[in-house]
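Here the sequence shown is numbered in the UniProt record's numbering, starting from 1 and rising by one per residue.
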Amino acid sequence: MSDVRGRDERVLIVGAGIGGLVLALELHDAGIPCRVYEAVPEIRPLGVGVNILPHASRVLCQLGLEDPLTRASVTTRESVFFNRFGQLIYREPSGRYAGYDHPQFSIHRGDLQRVLLDAVRERLGADAVVLDHRCTGVTQDDRVAQVRFRSSSTGETLPAVAADVVVAGDGIHSAVRAQLHPNEGPPRYSGINMWRGTTVGQPILTGASMVRAGWLDRGKMVIYPIRDNVDGRGNQLINWVAEIETPRHVERDWGRPGRLEDFIGAFEDWHFDWLDVPAMLRGAEQVLEYPMVDQDPLDRWTFGRVTLLGDAAHPMVPRGSNGAGQAILDARALRHSLSTIDDPQAALQAYEKRRLPVTTQVVRTNRSTPPDVIIREVWERTGDQPFERIEDVISRAELEAISRRYKEIAGFAPEALRTGD
Ligand SMILES: Cc1cc2nc3c(=O)[nH]c(=O)nc-3n(C[C@H](O)[C@H](O)[C@H](O)COP(=O)(O)OP(=O)(O)OC[C@H]3O[C@@H](n4cnc5c(N)ncnc54)[C@H](O)[C@@H]3O)c2cc1C
Numbered sequence: 001m002s003d004v005r006g007r008d009e010r011v012l013i014v015g016a017g018i019g020g021l022v023l024a025l026e027l028h029d030a031g032i033p034c035r036v037y038e039a040v041p042e043i044r045p046l047g048v049g050v051n052i053l054p055h056a057s058r059v060l061c062q063l064g065l066e067d068p069l070t071r072a073s074v075t076t077r078e079s080v081f082f083n084r085f086g087q088l089i090y091r092e093p094s095g096r097y098a099g100y101d102h103p104q105f106s107i108h109r110g111d112l113q114r115v116l117l118d119a120v121r122e123r124l125g126a127d128a129v130v131l132d133h134r135c136t137g138v139t140q141d142d143r144v145a146q147v148r149f150r151s152s153s154t155g156e157t158l159p160a161v162a163a164d165v166v167v168a169g170d171g172i173h174s175a176v177r178a179q180l181h182p183n184e185g186p187p188r189y190s191g192i193n194m195w196r197g198t199t200v201g202q203p204i205l206t207g208a209s210m211v212r213a214g215w216l217d218r219g220k221m222v223i224y225p226i227r228d229n230v231d232g233r234g235n236q237l238i239n240w241v242a243e244i245e246t247p248r249h250v251e252r253d254w255g256r257p258g259r260l261e262d263f264i265g266a267f268e269d270w271h272f273d274w275l276d277v278p279a280m281l282r283g284a285e286q287v288l289e290y291p292m293v294d295q296d297p298l299d300r301w302t303f304g305r306v307t308l309l310g311d312a313a314h315p316m317v318p319r320g321s322n323g324a325g326q327a328i329l330d331a332r333a334l335r336h337s338l339s340t341i342d343d344p345q346a347a348l349q350a351y352e353k354r355r356l357p358v359t360t361q362v363v364r365t366n367r368s369t370p371p372d373v374i375i376r377e378v379w380e381r382t383g384d385q386p387f388e389r390i391e392d393v394i395s396r397a398e399l400e401a402i403s404r405r406y407k408e409i410a411g412f413a414p415e416a417l418r419t420g421d
């Protein structure tokens, strides 16, 4: 018996993460058959918070997901920046509150994945996502590509599956990327380690504020709510990330547990009138540790009938809330290419041509000048001391210019969203 099931799929998507599932919904919407093959035997709500900014929420809303996402998330009202003394540096509205046509969602990654998975199963069918299929490699000739799989639960080799097109959305440890780029070096550590967690607590500021506070030399925090009223008493699930410059770091693993005592010392005196940070940290339900790493941008993602998408294509440091967003934009662009260009290889080339330069710039900008450089600017100008009046340190116009520059590069400047497809 042949170990190949025949030319089974038009488009085979490796990985039922955020990018892979959005691609399935996009292709289905365009009438292109596809199926998703996922390594894990069961999809569980792993991870903590992610933000979906208006360039990506536009795609999800156009896919008809605004209502389930609104129910599962907190619709972000504002982005606020503080120094380590809890003094306000800058605040600006977010999503629809900033005049965009679409909202910003702050959401648990597991909730986002569940909303997408439910939609895929409902629209494409219960068998549209095949679990327990870990991709171990891809081969191809000029007619077809073949994907090899192993069962994650038993370790046995599974029948290979043939497809016209293979899209690898298999995340930071992508097996397909490793095969296509065998000489790539290890991830690049940024010098910043992160501890991430969630705490049930009272709403902070507006109850829908994304807070960034302090600078990395002593410790910076990113804090935002991701679920409303989790206990019927108005408490929220608050997502937080502590970021500290240190040579100490572990290998990247989204599920690695972290220890409070390794980082809480940096925030012990952060008792602000708007939040008691050490109390929030001590109340954590879970703590995870993750190094801030990325990889140098690749010069190509597409090899014949095979291409990369999302973190498999462009892993980036999480400094601009853009990891999930750029994966979603990849999915939209790939749908566009596959539905307008008949030849699959030419379609993948067109997709790469459109998305590789843009995401390369986002990877590099997240390294050098992410949105939180607003805090660095004030940290430098004040010598890391409290200020009397922020206007004496930096003008509102300068702060707005920093914020606008990142939006332009990452593709969510309001003008771009009004004109883009
Ligand atoms: C378990 C987990 C937890 C995460 N937690 C967070 C978080 O808390 N905050 C955050 O900002 N980002 C988190 N991320 C990453 C975030 O989802 C991505 O940065 C972003 O959404 C881009 O999505 P993606 O689809 O490219 O990759 P991912 O969302 O990472 O999805 C990749 C998918 O591919 C599957 N996969 C991997 N290898 C194979 C293989 N060989 N064969 C088949 N399938 C494979 C994975 O199981 C996963 O479902 C997490 C990712 C994972 C997998």
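Don't be surprised by glycine CBs; every beta carbon is placed ideally from N, CA and C.
Could you tell me the boundaries of the alpha helix (DSSP H) in which arginine 71 lies?
-> Within the sequence shown, residue 71 is the residue found at index 71, counting from 1. It spans 66-72 - the alpha helix (DSSP H) in which arginine 71 sits, taken as one unbroken run.
Classify glutamate 26 as buried or exposed, calling it buried when 16 or more other Cβ atoms lie within 10 Å of its own Cβ.
-> Locating residue 26 in the sequence shown gives position 26, where the first residue counts as 1. Buried, by the Cβ-count rule.
Counting pairs of Cβ atoms below 8 angstroms between the stretch 325-342 and the stretch 370-382, do you hit three or more?
-> no
Would the beta-carbon of alanine 397 fall within 8 angstroms of that of glycine 320?
-> Looking up residue 397 in the sequence shown gives position 397. Looking up residue 320 in the sequence shown gives position 320. No, they are not a contact pair.
How would you call alanine 24, buried or exposed, if buried means at least 16 neighbouring beta carbons within 10 angstroms?
-> As a first step, residue 24 must be located in the sequence shown, where it is residue number 24. The residue in question, alanine 24, is buried, as its Cβ has 16 or more Cβ neighbours within 10 Å.
With DSSP as the reference, label asparagine 51 as helix, strand or coil.
-> The sequence position of residue 51 within the sequence shown is 51, counting from 1. Looking at asparagine 51 - three-state DSSP - the assignment turns out to be strand.
Are arginine 212 and tyrosine 290 closer than 8 angstroms when you measure CB to CB?
-> As a first step, residue 212 is located in the sequence shown; it is residue number 212 there, counting from the start. As a first step, residue 290 is located in the sequence shown; it is residue number 290 there, counting from the start. Cβ atoms of arginine 212 and tyrosine 290: not closer than 8 angstroms.
Have a look at Ser153, Ile223, Ala350, Arg71 and flag the residue whose alpha-carbon is nearest the alpha-carbon of phenylalanine 303.
-> Here residue 303 refers to the residue found at position 303 of the sequence shown. Per the Cα distances, Ala350.
Among Gly95, Tyr100, Ser73, Leu116, which has the Cα closest to the Cα of isoleucine 18?
-> The sequence position of residue 18 within the sequence shown is 18, counting from 1. Residue Leu116 is the option with its Cα nearest to isoleucine 18.
Going straight from the alpha carbon of glutamine 179 to that of proline 297, what length do you get?
-> Along the sequence shown, one-based indexing puts residue 179 at 179. Along the sequence shown, one-based indexing puts residue 297 at 297. Cα to Cα, glutamine 179 sits roughly 16 angstroms from proline 297.
Using the Cα positions of glutamate 245 and aspartate 164, report the straight-line distance between them to the nearest angstrom.
-> Here residue 245 corresponds to residue number 245 of the sequence shown, with the count starting at 1. Here residue 164 corresponds to residue number 164 of the sequence shown, with the count starting at 1. Each residue's Cα considered, the two are about 46 angstroms apart.
Could you tell me how far apart the beta carbons of alanine 16 and serine 174 are, in whole angstroms, since I believe they sit closer than 8 angstroms?
-> The sequence position of residue 16 within the sequence shown is 16, counting from 1. The sequence position of residue 174 within the sequence shown is 174, counting from 1. Rounded, the Cβ-Cβ distance is 14 angstroms, inconsistent with contact.
Expressed to the nearest angstrom, what Euclidean distance is found between the alpha-carbon atoms of aspartate 8 and glutamate 243?
-> Locating residue 8 in the sequence shown gives position 8, counting from the first residue. Locating residue 243 in the sequence shown gives position 243, counting from the first residue. Looking at the two C-alpha atoms, the distance is approximately 46 angstroms.
Beta carbon of valine 277: closer than 7 angstroms to some heavy atom of ligand 1?
-> The residue labelled residue 277 in the question sits at position 277 within the sequence shown. No, since every heavy atom of ligand 1 falls outside the 7 angstroms radius drawn around the Cβ of valine 277.
Check whether the Cβ atoms of aspartate 118 and proline 41 sit closer than 8 angstroms, and answer yes or no.
-> Taking the first residue of the sequence shown as position 1, residue 118 is located at position 118. Taking the first residue of the sequence shown as position 1, residue 41 is located at position 41. Contact flag unset, no.
Completely contained beta strand (DSSP E) runs for the stretch 119-153, where each covers 3 or more residues = 134-140, 145-150
Valine 241 vs methionine 221 beta-carbon contact at 8 angstroms | Translated into positions along the sequence shown, residue 241 becomes position 241. Translated into positions along the sequence shown, residue 221 becomes position 221. Going by C-beta atoms, valine 241 is nearer than 8 angstroms to methionine 221.
Residues bridged to histidine 93 (per DSSP) = Working through the sequence shown from its first residue, we reach residue 93 at position 93. It is proline, not histidine, that sits at residue 93 in the sequence shown. In DSSP, proline 93 forms a bridge with Glu78.
Could you round the C-beta distance between valine 317 and valine 293 to whole angstroms and report it? I think they count as a contact, below 8 angstroms.
-> Reading the sequence shown from its first residue, position 317 is the one you call residue 317. Reading the sequence shown from its first residue, position 293 is the one you call residue 293. Valine 317 to valine 293, Cβ: 7 angstroms. Contact.
Rounded C-alpha distance that separates histidine 271 from glutamine 236 | The count along the sequence shown starts at 1 and reaches residue 271 at position 271. The count along the sequence shown starts at 1 and reaches residue 236 at position 236. Taking the straight line from one Cα to the other gives about 20 angstroms.
Report the rounded CA-to-CA distance for arginine 335 versus phenylalanine 267, giving the unit in angstroms.
-> Position 335 of the sequence shown, counted from the start, is the residue given in the question as residue 335. Position 267 of the sequence shown, counted from the start, is the residue given in the question as residue 267. Rounded to the nearest angstrom, the two C-alpha atoms are 45 angstroms apart.
So what does serine 209 bridge to, in DSSP terms?
-> Counting from one through the sequence shown, the residue named residue 209 turns up at place 209. Bridge partners of serine 209: Glu78.
Touching or not, the stretch 351-360 and the stretch 71-87, by the rule of three or more beta carbon pairs under 8 angstroms?
-> no
Candidates Leu124, Val11, Gly125, Ile89, of which the one nearest valine 393 by Cα = Reading the sequence shown from its first residue, position 393 is the one you call residue 393. Ranking the options by Cα distance to valine 393, first place goes to Ile89.
What residues match up with methionine 292 in a beta bridge as DSSP calls it?
-> By one-based count along the sequence shown, residue 292 stands at place 292. DSSP lists no partner for methionine 292.
Taking 8 angstroms as the cut-off, decide whether the C-beta atoms of leucine 417 and tyrosine 97 are in contact.
-> Residue mapping note: residue 417 aligns to position 417 of the sequence shown, counting from 1. Residue mapping note: residue 97 aligns to position 97 of the sequence shown, counting from 1. Against a cut-off of 8 angstroms, the Cβ pair of tyrosine 97 and leucine 417 comes out as no contact.
Do isoleucine 32 and ligand 1 come close, with the Cβ less than 7 angstroms from some heavy atom?
-> Here residue 32 is taken as the residue at index 32 of the sequence shown, counted from 1. No, ligand 1 has no heavy atom inside 7 angstroms of this Cβ.
Leucine 46 beta carbon near ligand 1 (any heavy atom closer than 7 angstroms) | The residue given as residue 46 occupies position 46 in the sequence shown. Checking every heavy atom of ligand 1 against the Cβ of leucine 46, one is found closer than 7 angstroms.
For alanine 56, count neighbouring C-beta atoms within 10 Å of its own C-beta (all shown protein chains included) and say buried if the count is 16 or more, exposed if not.
-> To locate residue 56, count along the sequence shown from 1; it is residue 56. That one is buried.
Looking at asparagine 239 and valine 48, is the spacing between their C-beta atoms short of 8 angstroms?
-> As a working note, residue 48 is residue 48 in the sequence shown. As a working note, residue 239 is residue 239 in the sequence shown. The answer is yes: Cβ separation under 8 angstroms.
Since glycine 197 sits in a beta bridge, which residues does DSSP pair it with?
-> Residue 197 sits at position 197 when you count from the first residue of the sequence shown. Per DSSP, Trp240, Val287.
Which residues in the same chain have their Cβ closer than 7 angstroms to the Cβ of aspartate 3, if we skip the five residues on either side of it in sequence?
-> Reading the sequence shown from its first residue, position 3 is the one you call residue 3. Only weak support is given to the placement of aspartate 3: the predicted model assigns it a pLDDT of 42, under 50, and the question is left unresolved by the model.
Is it true that the stretch 66-81 meets the stretch 125-139, where meeting means three or more beta-carbon pairs spaced less than 8 angstroms apart?
-> no
Which runs of the beta strand (DSSP E) fall wholly inside the UniProt domain "FAD-binding" (297-364) and span at least 3 residues, in chain order?
-> 306-308
Extent of the continuous beta strand (DSSP E) to which proline 278 belongs | Along the sequence shown, one-based indexing puts residue 278 at 278. Premise fails: proline 278 lies in the alpha helix (DSSP H), 277-282, not in any beta strand (DSSP E).
Could you name the residues of the same chain whose beta carbon sits closer than 8 angstroms to that of threonine 206, not counting the 5 residues immediately before and after it, in chain order?
-> Here residue 206 refers to the residue found at position 206 when the sequence shown is read from its first residue. The residues are Arg77, Glu78.
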